[in-house]
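Undergrad: Right, I'll just put the structure down here and ask away after.
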Amino acid sequence: MQALYAQLLVGLINGSFYALLSLGLAVIFGMLNIINFAHGAVYMMGAFCAYFLLNVMGIGYWPALIIAPIAVGIFGMILERTMLQWLSGLDHLYGLLLTFGLALIIQGVFQNYFGSSGLPYAIPSELQGGLNLGFMFLPIYRGWVVVFSLIVCIATWYLIEKTRLGANLRAATENPTLVRAFGINVPRMITLTYGLGVGLAALAGVLSAPINQVRPLMGADLIIVVFAVVVIGGMGSIMGSIITGFALGVIEGLTKYFYPEASNTVVFVLMVLVLLVKPTGLTGRATT
Amino acid sequence: MTDFNMADAAGTKSGAASPVLTVENLEAWYGESHILHGINFNVNAGEVVTLLGRNGAGKTTTLKSVMGIIGKRTGTIRFGDVDITKTSSDKIARMGVAFCPEERGIFASLDVRENLLLPPVVRPGGLSLDQIFELFPNLKERLNSQGTKLSGGEQQMLAIARILRTGARFLMLDEPTEGLAPVIIQQIGHTIARLKKEGFTILLVEQNFRFAATVADRYYIVEHGKVIDGFKNSDLQANMDKLHTYLGV
Chain A
2 MQALYAQLLV
12 GLINGSFYAL
22 LSLGLAVIFG
32 MLNIINFAHG
42 AVYMMGAFCA
52 YFLLNVMGIG
62 YWPALIIAPI
72 AVGIFGMILE
82 RTMLQWLSGL
92 DHLYGLLLTF
102 GLALIIQGVF
112 QNYFGSSGLP
122 YAIPSELQGG
132 LNLGFMFLPI
142 YRGWVVVFSL
152 IVCIATWYLI
162 EKTRLGANLR
172 AATENPTLVR
182 AFGINVPRMI
192 TLTYGLGVGL
202 AALAGVLSAP
212 INQVRPLMGA
222 DLIIVVFAVV
232 VIGGMGSIMG
242 SIITGFALGV
252 IEGLTKYFYP
262 EASNTVVFVL
272 MVLVLLVKPT
282 GLTGRATT
Chain B
10 MTDFNMADAA
20 GTKSGAASPV
30 LTVENLEAWY
40 GESHILHGIN
50 FNVNAGEVVT
60 LLGRNGAGKT
70 TTLKSVMGII
80 GKRTGTIRFG
90 DVDITKTSSD
100 KIARMGVAFC
110 PEERGIFASL
120 DVRENLLLPP
130 VVRPGGLSLD
140 QIFELFPNLK
150 ERLNSQGTKL
160 SGGEQQMLAI
170 ARILRTGARF
180 LMLDEPTEGL
190 APVIIQQIGH
200 TIARLKKEGF
210 TILLVEQNFR
220 FAATVADRYY
230 IVEHGKVIDG
240 FKNSDLQANM
250 DKLHTYLGV
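Line by line, the protein sequences give chains A and B.
Residue 95 in our numbering is what sits at position 94 of the first sequence, and the numbering runs on without skipping anything.
Residue 124 in our numbering is what sits at position 115 of the second sequence, and the numbering runs on without skipping anything.
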């Protein structure tokens, strides 16, 4: 029984990362119509940013949680302004290829300087240790990651679905030309949206640094699963990508307990099944 | 280039009123297709001017060019004294130009309230929400409905209502009566008449000239991407035969 709970927790942790990353992908796809293959690379950059802040500047985990997403978000906005914006109106394939190329370059640069092995990043002292819940032992840091990710996801959902700014964003997703003709600076909004999606990925990177170590390819391994999550959940739905992210993490965790051999493939099996039955994903709307 | 003088005569006729909008030699393209071949007209402050013409004549493209949402356009478009030919649409909107598109452009992912509040206020003097609900009482009852769940008439009212909030004094309405029931058309006619009384300047695109005749001060006829004729509302009867030929009705 202990092992089941432990796997459930691992599933929730992975689910947190899936949710944060697929949320960012969904937001970016909705606004820019770009399948952001660089998402894993910016996730990795978030973790490295935290690592540099600590080891070069002596800035710890808590400030890094804010600084890294902003810094990497700004990097993303520069990418959008200098490259991605020229792809608007073109086929998805161009954005996919460009961001895939960017991911390879970014990861290559980091690999050149840091190799492929992991760099350690310590759990902040406030979150060290664990709690004995009776039925299981809960490492505090892991509990924190799950709770904090959930809060960030719900805050992002609230921002997009319930606020004035979010209404502008949703409207611009539907009809950017008309929204711009109302006097809203849509190009700037697109840049900020890309920054937001990238920032969420970087935040996930910082959260994962103490758990998974900091490696140049940490994002490349994860992003493949995240894309499967996005396909299952359906592109473009905010709540859908959050729920699917957490749910698939848990399903993966349960598979590890009940049938470990399938734990690495269960997400992809589900993806195939969903594609066969509902090609737009569980919560996705058909696009025109 | 056939310049059309009678329209200019009609334009300057409305006394000291200065032109709010001046369009000269406007040409516009959708991708490779050349849609407008030299459009000339003007709209004076406080007027309701209607562009009439058949489907595909270039009326909608003219409005979109003024709004800055047609990629390739040449010629001159002046709003007041400012040349806006090369200005981006968000800046044009911020100068006080508001556009109600033919397809209404109600957003499905926004509820009625969000649709109504979407266009930012660009200058003081727009209608308050209470004034808007007085004009369109239906909207008040449906504030929490999804925008596209409204009836066609309600969607049209919403599309007009949301640009009245912004403080823009120059409105461009693209076929606001298309596909609507007579009673709703009447309501929209009353609204336009009232806006005119309050000093709004309106550029209307219509195929329904019977409706246009109830609100317009002047008409321009658009055909094959050019303005080919124009007259005042008072000369409407005299021009009826010509109008029937132009519009094929």
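Backbone N, C-alpha and C fix where the C-beta goes; we use that ideal spot for every residue, glycine too.
On a predicted model such as this, the values are computed, not experimentally measured, just so you know.
Bridge partners of A:G235, per DSSP?
TA: Paired residues: none, contrary to the question.
Undergrad: What residues from the segment 90-106 of chain B come within 7 Å of chain A, judged by C-beta to C-beta, listed N to C?
TA: Against chain A - using a Cβ distance shorter than 7 Å - the residues of the segment 90-106 of chain B are S98, D99, A102 and R103.
Undergrad: Can you pull the DSSP bridge partners for B:C109?
TA: Answer is B:L182, bridged to B:C109.
Undergrad: Can you grab the Cα-Cα spacing for the pair B:L256 / A:I75, in whole Å?
TA: Approximately 55 Å between the Cα atoms of the pair.
Undergrad: Bridge partners for B:M42 per DSSP, in chain order?
TA: Checking the displayed sequence, the identity of residue 42 of chain B turns out to be Ser instead of Met. Looking at the DSSP assignment, B:S42 forms a beta bridge with B:Y39.
Undergrad: Please report the straight-line C-alpha distance between A:V63 and A:L128, rounded to a whole angstrom.
TA: Looking at the sequence itself, residue 63 of chain A is Trp, so the reference to Val does not match. The alpha-carbon atoms of A:W63 and A:L128 are separated by roughly 11 Å.
Undergrad: I'd like the ranges of any beta strand (DSSP E) spanning at least 3 consecutive residues and lying wholly in the segment 183-249 of chain B.
TA: Whole beta strand (DSSP E) segments, 3+ residues: 210-215, 227-232 and 235-241.
Undergrad: Could you check whether the Cβ of A:E262 sits closer than 8 Å to any heavy atom belonging to the ligand FMN?
TA: Questions concerning the ligand FMN fall outside what the structure shown contains, since it holds no ligand whatsoever.
Undergrad: Using the rule of at least 16 other Cβ atoms within 10 Å of the residue's Cβ for burial, across every protein chain shown, is B:R171 buried or exposed?
TA: Burial call: buried.
Undergrad: For the putative contact between B:T175 and B:P128, defined by C-beta atoms under 8 Å, what is the C-beta separation to the nearest angstrom?
TA: At roughly 5 Å, the Cβ-Cβ gap stays under 8 Å, so B:T175 and B:P128 are in contact.
Undergrad: Throw me the rounded Cβ distance for the A:V230 and A:S89 pair, which I believe falls under 8 Å.
TA: With a Cβ gap of about 26 Å, A:V230 and A:S89 do not count as contacting.
Undergrad: Quick one, are the C-beta atoms of A:G184 and A:L10 less than 9 Å apart?
TA: In this structure, A:L10 does not lie closer than 9 Å to A:G184 by Cβ.
Undergrad: Grouping DSSP H, G and I as helix and E and B as strand, with all else coil, what is B:E56?
TA: Here B:E56 sits in coil by DSSP.
Undergrad: Relative to the alpha-carbon of A:Q3, which residue among A:L134, A:G109 and A:A20 has its alpha-carbon at the smallest distance?
TA: A:Q3 has its Cα closest to that of A:L134, out of A:L134, A:G109 and A:A20.
Undergrad: A:I185 touches chain B at which residues, Cβ-Cβ below 9 Å?
TA: Within chain B, the residues near A:I185 are D99, A102, L127, P128 and P129.
Undergrad: Measuring only between beta-carbons, confirm whether A:M179 sits less than 9 Å from chain B.
TA: Note that residue 179 of chain A corresponds to Leu in the displayed sequence, not to Met. Yes - at least one Cβ of chain B is within 9 Å of the one on A:L179.
Undergrad: Which same chain residues, not among the five before or five after A:T288, have their C-beta less than 7 Å away from its C-beta?
TA: Reliability fails at A:T288, whose pLDDT of 49 lies under 50, so the model's placement of it is uncertain and no value is given.
Undergrad: Over what stretch of residues does the alpha helix (DSSP H) that includes B:R87 continue unbroken?
TA: Counting along the chain, B:R87 falls outside any alpha helix (DSSP H), though it belongs to the beta strand (DSSP E) covering K81 to F88.
Undergrad: Considering only C-alpha positions, which residue in the set B:P110, B:Q216, B:M104 and B:R82 is nearest to B:K95?
TA: For B:K95, the nearest C-alpha among the options comes from B:R82.
Undergrad: Say whether chain B places a C-beta atom closer than 9 Å to the C-beta of A:T174.
TA: Closer than 9 Å: yes.
Undergrad: Relative to the C-alpha of B:L252, which candidate in B:Y229, B:L213 and B:E36 has its C-alpha closest?
TA: When only C-alpha atoms are compared, the closest one is B:Y229.
Undergrad: Based on Cα-Cα distance, which residue from B:T71, B:G89, B:P133 and B:N64 lies nearest to B:I48?
TA: Among B:T71, B:G89, B:P133 and B:N64, the Cα nearest to that of B:I48 is on B:T71.
Undergrad: State the DSSP-derived secondary structure class of B:N51, mapped to helix, strand or coil.
TA: Strand at B:N51.
Undergrad: Between A:A182 and chain B, is there a C-beta pair that is closer than 9 Å?
TA: With 9 Å as the cut-off, A:A182 counts as an interface residue toward chain B.
Undergrad: Which word fits A:S118, buried or exposed, when buried means at least 16 other C-beta atoms lie within 10 angstroms of its C-beta?
TA: Exposed is the call here.
Undergrad: Determine, using beta carbons only, whether A:R171 comes closer than 9 Å to chain B.
TA: So yes, A:R171 belongs to the interface.
Undergrad: How would you call A:L94, buried or exposed, if buried means at least 16 neighbouring beta carbons within 10 angstroms?
TA: Result: exposed.
Undergrad: Does B:T69 come within less than 9 Å of chain A when only Cβ atoms are used?
TA: Answer no: the Cβ-Cβ gap between B:T69 and chain A never drops below 9 Å.
Undergrad: Are the segment 212-229 of chain A and the segment 31-43 of chain A touching, with three or more C-beta to C-beta distances below 8 Å?
TA: Verdict: yes, contact present.
Undergrad: Could you name the residues of chain B that A:R82 contacts, counting a contact when the two beta carbons are closer than 9 Å?
TA: Chain B residues near A:R82: none, gap ~16 Å exceeds 9 Å.
Undergrad: If you measure between the beta carbons of B:V52 and B:L212, is that distance less than 9 Å?
TA: Cβ atoms of B:V52 and B:L212: closer than 9 Å.
Undergrad: With 16 other CB atoms within 10 Å as the buried threshold, where does A:Y159 fall?
TA: When all chains shown are included, A:Y159 counts as exposed.
Undergrad: How close, in whole Å, do the beta carbons of B:H46 and B:G239 come, if the pair is a contact with beta carbons under 8 Å?
TA: Their Cβ separation, rounded to whole angstroms, is 17 Å, which puts B:H46 and B:G239 out of contact at 8 Å.
Undergrad: List the residues that DSSP assigns as beta-bridge partners of B:E33.
TA: According to DSSP, B:E33 bridges with B:T85.
Undergrad: To the nearest angstrom, report how far apart B:G188 and A:I224 are at their CA atoms.
TA: Near 49 Å, if we compare the C-alpha coordinates of A:I224 and B:G188.
Undergrad: If contact is defined by three or more beta carbon pairs under 8 Å, each pair taking one atom from either stretch, is the segment 191-206 of chain A in contact with the segment 12-27 of chain A?
TA: Contact holds: three or more Cβ-Cβ distances are below 8 Å.
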